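The sequence shown begins at 0 in numbering that gives the first Met the number 0 and counts up by one.
For every residue, glycine included, the Cβ atom is placed at its ideal position computed from N, Cα and C.
On a predicted model such as this, the values are computed, not experimentally measured, just so you know.
Just below is one structure, and these are the notes that go with it.
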Amino acid sequence: MKVWHFGGPNLASITALVSKPETSVEAVLDDQALNAALRNNLQSLISFLIDNEEKFNHLLDMVLTDFVPQTDLPAKTTRCALTVLSSSTCTTIMQKLRGNPIFIDRMNSFPQSDYASHPRACGHFGRIVEAFAHYSSGDFLDSLPSLKSFFIHNMGNLGLRELFTNLATEYPTYFPFDQQYLNELTLAANSDNGFYILTALDTVTRNKKQIFDQICKVEIEQNLFAITKNAQIRPLIASAAFKLIDRIAEAVPQSSPVLELVNKESETYSFDSIENDSVLASALLVLHTKSDKVLLRILSDGQPTFVCDGIFRSIRNMTDSELNDFLTRTDFINRMIEQFPKTKTNVHLSLLAEYLKDKIKDNEAFRNFIDTQYAPREQNRQMEYGGSRPHGGSDSAAESSTQSSSDNDDSSDSDDSPNDLRFVSDSSDDDSDEEDSLSDDYDSSSDDDDEDEKEKESVNMNNCAKLHKFLSRTEAPAPPESSSSSDEEDGAPVQMAAAPALNLQIADLRTSDDILIPEPLHSDDDNQYEEGGLSSDSNDADPADIINDITKPLKGSDGPSESDSEEEEEKKVPQKEEVPLSSEKAPETAEETKPAEEATAGEQEKPAAAEEEQKPADALAQEEKQEEPKIEKSESQTEEKKEEAGEQNPAEQIVDNADNNSVEQKAE
């Protein structure tokens, strides 16, 4: 069986160092293997530092005094000395020090020494006490009877204050809080060090209910009230004392002597002498004042919130007779009515008016104030925005949108001519447009979004107006001649087929980057009305089907549509056939463009073709001159046809104009 042996720490250097009699304590503390030797409970190191009385006292001097070792890094050396005395990993040192009389004597004498007020020495002392209390589960605290009084007089050290709260909450058995010790703490709080004592006591009582029950005594309350009446202490200490009294007053029952003491202090406490608003606000948490000077501060604008809360609490604590005397003595109602319109930030005036409206019923001026001033403000406070909706432009935008849609409806209704293409919008579309505009106004999250939306809407509306103006000038096509045979036989006049109106919605134009353009109303085919199913009674058909047949949205595509490509191919074919031939390749091209029937002709035509190939160049030139007028004539005929087609199809011009408009919009 093979046994594995893992290597341990290299302690040879520190072992050799402590074996030399001339080695100093500083040299051992600065050795790199010190922590490893402590973890492994190196016996030679423990004997060198603890068993030797002279070296042990020197080690304690480094920690509990202001001694500075003469080393390259004195702070590191001092920290290593503290590690030796407070390391919980080295159980051997802990066991030796618990019964070491030198160590116990030095720890007990430290609170009375000259270094008890030294911050660094106090911090080292607290760390050693905490380490041994944790190691012994609090039993070590019995060896330090002077520790409690040391905390009372040195609570200003934050390290000792934290140690006090830890020992009181973690080890209540070995660090008990009896009534005498609490009395000493509250009496000592009436000094410049009182804030730290009161805050530490507040922390302990929040963590330990048993200790809180012990401070709910009249003696403790009297000591705390004495702190608040001391004009020599800082206002922060008085505020901390009032807050602790408030906690006690809320916890005790109504029949407790503590509340009787609070009511007695309310009658005799001098509120007019309080100059600090923080102290006054803290005092009004516990006490109820009847001072006119303090109570009238609720009418002034810019008062601290907690002060006004305390004043309102004092007014509500008054009896009906006391309240009436106060209102009459100070003319409070008229002052409140005069001050109410001047401020909108003092919510306590509204709370006070709400409380007094059930108390005062025979004052006509006050009832009028409630109906005309208080009620409207209270109604605004209950609204979503605390009043009227901000940014009034939203309402105006919605109204303008609704007005524009109604104007479009009126213009479309008044125009009955069948030759004009109109925008048709029913009431449901108007409602949807209005709701969309309102929702856009509500959903706008920033000013930039509003500006972009308005700019986009204005561009779309301008395009819509241009299109409507252009379409209104365009005449509807005439109906086909063969519209109705029965009417001709009867002699009745032929009725023109009414041009279906375009159902172009304003909302669609707003949300689309392109303009909706109708397709041509008719094509070159004269039988479109018959083939498409459109007749004189086409108005009876479903408007949606008619719109789908005659309208088609022109989307902003990257390339030409299918219809455009077909028209371009038809235009290109005759141009290729009518290109003039060159003198050299004329016979070949002419022969290639002959139809298939001529290519398969009989033998009689072949000699003629051969003769044409053998014609001289001069004859060919003369023939070309004769053909040029024909080509020019054919080109002029094609141009005339194009012009006629353009006159017959105005929708093609509309499509071209729409393409130009869309290109300009994208460029902008």
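Let me confirm a value: E337 is counted as buried when at least 16 other C-beta atoms fall within 10 Å, else exposed. Which label applies? Residue numbering aside, residue 337 sits at position 338 when the sequence shown is read from its first letter. When all chains shown are included, E337 counts as exposed.
Quick one: using the 10 Å Cβ neighbour count with 16 as the cut-off for buried, is A11 buried or exposed? Residue numbering aside, residue 11 sits at position 12 when the sequence shown is read from its first letter. That one is exposed.
Buried versus exposed call for S268 [16 or more other C-beta atoms within 10 Å across all chains shown]: To locate residue 268, count along the sequence shown from 1; it is residue 269. One point to set straight first is that residue 268 is Tyr, not Ser, in the sequence displayed. With 16 or more Cβ atoms within 10 Å of its Cβ, Y268 is classed as buried.
Once the 5 residues before and after A32 are set aside, which same chain residues still bring their CB inside 8 Å of it? Sequence index remark: in the sequence shown, residue 32 carries index 33 (1-based). Once the five neighbours on either side are set aside, the close Cβ partners of A32 are P8, N9, L10, S12 and I13.
Under 8 Å between C-beta atoms of E52 and I101: Stepping through the sequence shown from its first residue, residue 52 is reached at position 53. Stepping through the sequence shown from its first residue, residue 101 is reached at position 102. Yes, the pair counts as a contact, with Cβ atoms nearer than the cut-off.
Taking N275 as the reference, give the member of F311, N462, E25 and A230 with the closest Cα. In the sequence shown, the residue the question calls residue 275 occupies position 276. Nearest option by C-alpha distance: A230.
Please go through the same chain and pick out, in chain order, the residues whose beta-carbon is closer than 8 Å to the beta-carbon of V67, but skip the five residues on each side of it. Walking along the sequence shown from the start, residue 67 turns up at place 68. Once the five neighbours on either side are set aside, the close Cβ partners of V67 are P73 and T77.
Are G125 and G158 closer than 8 Å when you measure CB to CB? Taking the sequence shown and counting its residues from 1, the one referred to as residue 125 is at position 126. Taking the sequence shown and counting its residues from 1, the one referred to as residue 158 is at position 159. Contact: yes.
Give the DSSP-derived three-state secondary structure of T401 in the structure shown. Sequence index remark: in the sequence shown, residue 401 carries index 402 (1-based). With a pLDDT of 47 at T401, under the threshold of 50, the modelled position of that residue is not reliable, and no figure is offered here.
Express the C-alpha separation of S313 and R376 in angstroms, rounding to a whole number. Position 377 of the sequence shown, counted from the first residue, corresponds to residue 376. Position 314 of the sequence shown, counted from the first residue, corresponds to residue 313. Each residue's Cα considered, the two are about 25 Å apart.
Exposed or buried, which one is S705 when buried takes at least 16 other CB atoms within 10 Å? This structure leaves residue 705 out entirely; the chain is present only between 0 and 667.
Secondary structure at S443, three-state DSSP: helix, strand or coil? The residue given as residue 443 occupies position 444 in the sequence shown. Confidence at S443 is low in this model, with a pLDDT of 45, below 50, so its placement is unreliable and the value that follows should be read with caution. It is coil, neither helix nor strand.
Please report the residue range of the alpha helix (DSSP H) in which R312 lies. Here the question's residue 312 lines up with position 313 in the sequence shown. Per DSSP, R312 belongs to the alpha helix (DSSP H) from T304 to R315.
Using a Cβ-Cβ cut-off of 8 Å (strictly less than) and excluding sequence neighbours within five positions of L348, which residues of its own chain qualify? Stepping through the sequence shown from its first residue, residue 348 is reached at position 349. So the qualifying residues of the chain are I297, L298, M335, Q338, F339 and T342.
According to DSSP, is H152 part of a helix, a strand, or is it coil? Within the sequence shown, residue 152 is the residue found at index 153, counting from 1. In this structure, H152 counts as helix in the three-state DSSP scheme.
Here's the rule I'm using: 16 or more other beta-carbon atoms within 10 Å means buried, otherwise exposed. How should A374 be labelled? Counted from its first residue, the sequence shown places residue 374 at position 375. So A374 ends up on the exposed side.
Using CA atoms only, rank isn't needed, just tell me which of D330, V62, N56 and I210 is closest to A120. Stepping through the sequence shown from its first residue, residue 120 is reached at position 121. The shortest C-alpha separation from A120 is found at V62.
When you compare the CB positions of F305 and L351, do they come within less than 8 Å of one another, or not? Along the sequence shown, one-based indexing puts residue 305 at 306. Along the sequence shown, one-based indexing puts residue 351 at 352. Their beta carbons are not under 8 Å apart, which means F305 does not touch L351 by this criterion.
Quick one: residues in its chain with C-beta nearer than 6 Å to the C-beta of L283, no 5 flanking neighbours on either side, listed in chain order? Working through the sequence shown from its first residue, we reach residue 283 at position 284. If we look at L283 and ignore the five residues flanking it on each side, its Cβ neighbours are G309.
Going by beta carbon distance, what residues of the same chain come within less than 7 Å of D415, once the five residues before and after it are set aside? The residue given as residue 415 occupies position 416 in the sequence shown. Residue placement at D415 is flagged as unreliable, the pLDDT there being 43, under the threshold of 50; the coordinate-derived value follows with that caveat. So the list is empty, once near-sequence residues are dropped.
Under 8 Å, with one C-beta from each stretch per pair, do the stretch 77-87 and the stretch 142-150 reach the 3-pair mark? Result no; under three Cβ-Cβ pairs closer than 8 Å.
Contact set for I247: own chain, Cβ-Cβ below 7 Å, skip 5 residues either direction: Start at 1 with the first residue of the sequence shown, and residue 247 comes out as number 248. I214, C215, E220 and V257.
Could you work out which residue in V17, H133 and V293 is closest to I49 when comparing CA atoms only? As a first step, residue 49 must be located in the sequence shown, where it is residue number 50. When each option's Cα is compared against that of I49, the closest is V17.
Pick helix, strand or coil for Y173, following the three-state DSSP scheme. Reading the sequence shown from its first residue, position 174 is the one you call residue 173. Of the three classes helix, strand and coil, the one that applies to Y173 here is coil, per DSSP.
With a cut-off of 8 Å on the beta carbons, I'd call I232 and L197 a contact; round off their distance for me. Position 233 of the sequence shown holds residue 232. Position 198 of the sequence shown holds residue 197. In fact, because the Cβ distance is near 11 Å, the residues do not count as touching under 8 Å.
Consult DSSP for I232 and reduce its assignment to one of helix, strand or coil. In the sequence shown, residue 232 corresponds to position 233, counting from 1. Note: I232 maps to coil in three-state DSSP.
With a threshold of 8 Å on Cβ separation, who are the neighbours of A15 within its own chain once the five nearest residues in sequence on each side are excluded? Here residue 15 is taken as the residue at index 16 of the sequence shown, counted from 1. Closer than 8 Å at Cβ, skipping near neighbours: no residue.
For L59, the nearest candidate out of N39, D71, Y114 and T91 (CA to CA): Taking the sequence shown and counting its residues from 1, the one referred to as residue 59 is at position 60. The residue with the shortest Cα to Cα distance from L59 is Y114.
Span of the alpha helix (DSSP H) holding Y195? Taking the first residue of the sequence shown as position 1, residue 195 is located at position 196. Annotation for Y195: the continuous alpha helix (DSSP H) segment containing it runs G193 to N206.
Would you kindly check if the distance between the Cβ of S281 and the Cβ of K242 is under 8 Å? On the sequence shown, position 243 is the one that residue 242 refers to. On the sequence shown, position 282 is the one that residue 281 refers to. In contact: K242 and S281 (Cβ atoms closer than 8 Å).
At least three beta-carbon pairs within less than 8 Å, the stretch 314-323 to the stretch 361-369: Under the Cβ criterion (8 Å, minimum of three pairs), the stretch 314-323 does not count as touching the stretch 361-369.
Going along the chain, which residues of its own chain have a beta-carbon closer than 8 Å to the beta-carbon of R205, five neighbours each way excluded? Within the sequence shown, residue 205 is the residue found at index 206, counting from 1. Contacts found: F211.
Could you give the C-beta distance for C79 and L44, rounded to a whole number, given that I count them as a contact under 8 Å? Reading the sequence shown from its first residue, position 80 is the one you call residue 79. Reading the sequence shown from its first residue, position 45 is the one you call residue 44. At roughly 12 Å, the Cβ-Cβ gap does not stay under 8 Å, so C79 and L44 are not in contact.
Relative to the alpha-carbon of S116, which residue among E129, E161 and D65 has its alpha-carbon at the smallest distance? Position 117 of the sequence shown, counting from 1, holds the residue named residue 116. Nearest C-alpha to S116: D65.
Report the option in A225, F331 and D177 whose CA atom is closest to the CA atom of A187. As a working mapping, residue 187 is identified with position 188 in the sequence shown. Here the closest residue by C-alpha is A225.
In or out: Y195 buried (at least 16 other Cβ within 10 Å) or exposed? Residue mapping note: residue 195 aligns to position 196 of the sequence shown, counting from 1. A buried status is given to Y195, since no fewer than 16 other beta-carbon atoms sit within 10 Å of its beta-carbon.
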